[in-house]
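Colleague: Okay, here's the structure, questions in a sec.
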Amino acid sequence: MKAVMKTAPKQGFEFAELPVPKPGPKEILVKVKATSICGTDVHITEWDEWAQNRIKPPLLYGHEFAGEVVEKGGNAEGVEVGDFVSAETHVYCSHCFQCQTGNAHICENVKILGVDINGCFAEYAAIPASNAWKNSKKINPKHASAQEPLGNAVHTVSYCNVRDANVAIFGMGPIGLCAVQVCKAYGARKVIAVNPGEYRRKLAEKNGADLVLNPKEDDVVKEIMDATDGRGSDVLIEMSGSPQGITQGFESLRPGGEVGFLGIPPKPFEFDWSKNVVFKGCTIHGVNGRKIWDTWYRSRSLLESGKVDLGKIVTHELRLSDFAEGIELMKKGECGKIVMTP
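Residues in the sequence shown are numbered consecutively from 34, following the working numbering.
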């Protein structure tokens with residue numbers, strides 16, 4: 034099978050011909066129908082500082098996908114051949130303190146598909162049966178492959194009380210775009226989207242944002258204050274990881290507000306903790322992945338009700354052989370979610 038590989042510790046990627054994996058005793062083999070590119074895949078391809086410290090080549094990367102179960106190991110349970118599945122990408126151990134107290138998403142021994150172990154940028158993927166999520170066969174496979182990032186948005190927003198709230202979302206990558214729809218679905222009064230790139234600002238409008246700001250040109254803090262009767266946002270959803278965006282987000286948050294924090298800054302930076310957190314009395318929720326399986330059920334409800342439409346997030350459909358084109362689109366920010374078919 035053809036696969037996208039990181040074979041050496043350097044920038045770039047390679048296409049490789051690999052044997053179809055044989056599922057282990059508790060694994061299933063999935064024929065990939067669609068797979069999506071994530072920002073993590075850009076980091077791995079570019080071989081930045083994070084990738085250098087985390088990735089151990091050779092690695093078949095990619096972690097967002099949907100497909101059909103074609104084989105199962107002898108002890109694989111809960112999934113049958115023919116099922117249409119997606120995958121929870123955090124492979125959890127089930128026996129550590131976090132797993133046994135309902136927090137498998139922050140498992141102490143977690144391994145992530147396409148990061149720590151082989152992933153899904155290929156024609157087939159072998160995953161633990163316990164990580165398979167059964168999809169409705171009514172859902173478009175190209176949309177089903179994007180449920181993992183939707184789950185990140187649902188998990189982040191679910192920590193905060195967004196009903197009748199003014200919500201500011203910083204960062205309009207695919208997860209931020211999903212968050213716009215999720216906030217609207219959960220009854221937000223006003224959703225303010227902040228992003229430097231024009232392409233994604235326009236996508237934010239299409240996905241329902243009430244006000245879209247450009248941090249390169251707009252006085253973001255002033256604009257948010259003006260749009261909220263001088264109080265500031267009730268909820269900050271931080272998806273950018275940008276030091277500037279994080280600072281502006283907190284500065285425009287009202288005292289006593291809530292923060293759902295998913296964005297990952299590239300490195301430590303100076304931040305006025307006393308002014309922006311302590312004296313404001315705000316509540317911060319750090320978010321990692323998706324709650325297993327609570328977030329997936331919440332996402333399913335949003336999709337089945339039509340309150341969230343992933344068709345508005347998916348902007349490009351490519352073949353796996355066009356992977357380089359997808360990475361370039363991601364680097365330029367001229368896309369929403371990119372879905373590939375093998």
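Ideal Cβ positions, reconstructed from N, Cα and C, are used throughout, including at glycine. Keep in mind the model is a prediction, meaning the values are calculated, not measured.
1. Sort out for me which residues DSSP pairs Glu-97 with in a bridge.
2. Report yes or no: do three or more beta-carbon pairs, one from the region 41–58 and one from the region 331–343, lie closer than 8 angstroms?
3. Figure out for me which residue from Ser-191, Thr-316, Val-292, Pro-207 has the closest Cα to the Cα of His-349.
4. Starting from Ala-201, follow the beta strand (DSSP E) in both directions and report where the run begins and ends.
5. Please report how far the alpha carbon of Ile-346 lies from the alpha carbon of Leu-336, in whole angstroms.
6. Under the DSSP definition of a beta bridge, which residues are partnered with Gly-378?
7. Return the chain-ordered ranges of every alpha helix (DSSP H) run that is complete within the region 144–176 and spans a minimum of 4 residues.
8. Rounded to the nearest angstrom, what separates Leu-146 and His-123 at their Cα positions?
9. In three-state terms, what does DSSP make of Glu-47?
10. Of all the options Ala-242, Ala-179, Gly-209, which has the alpha carbon lying nearest to the alpha carbon of Asn-199?
11. Quick check on the burial criterion: 16 or more other C-beta atoms within 10 angstroms. Buried or exposed for Trp-377?
12. What three-state label does DSSP hand Val-347 in the structure shown?
13. Helix, strand or coil for Arg-287, going by three-state DSSP, please let me know.
14. Starting from Val-195, trace the alpha helix (DSSP H) in both directions and tell me its first and last residue.
15. Would you list the one or two residues that DSSP bridges to Glu-435?
16. Compare the C-alpha of Lys-235 against each of Val-372, Glu-358, Cys-368 and name the closest.
17. Am I right that Cys-211 and Pro-182 are in contact with their C-beta atoms under 8 angstroms? What's the rounded C-beta distance?
18. Can you grab the Cα-Cα spacing for the pair His-388 / Glu-97, in whole Å?
19. So the beta strand (DSSP E) Thr-374 belongs to, where does it begin and stop?
20. Just confirm the distance between the C-beta atoms of Gly-289 and Gly-314, as a whole number of angstroms; I'd bet it's less than 8 angstroms.
21. Would you call the region 75–86 in contact with the region 129–137, where contact means no fewer than 3 C-beta pairs closer than 8 angstroms?
22. Counting only runs that start and end within the region 203–262, where is the beta strand (DSSP E) found for 3 or more residues in a row?
Modeller: Considering the structure as presented:
1. Ser-69
2. no
3. Pro-207
4. 199–203
5. 13 angstroms
6. With the chain covering 34 to 375 only, the question about residue 378 has no answer from this structure.
7. none
8. 7 angstroms
9. strand
10. Ala-242
11. This structure cannot settle anything about residue 377, because the visible part of the chain is limited to 34 through 375.
12. strand
13. strand
14. First-last for Val-195: undefined, no H or E at that position.
15. Nothing about residue 435 can be read from this structure; the chain reaches only from 34 to 375.
16. Cys-368
17. 6 angstroms
18. The question about residue 388 has no answer here: the residues shown for the chain are numbered 34 through 375.
19. 370–374
20. 5 angstroms
21. no
22. 223–227, 244–246
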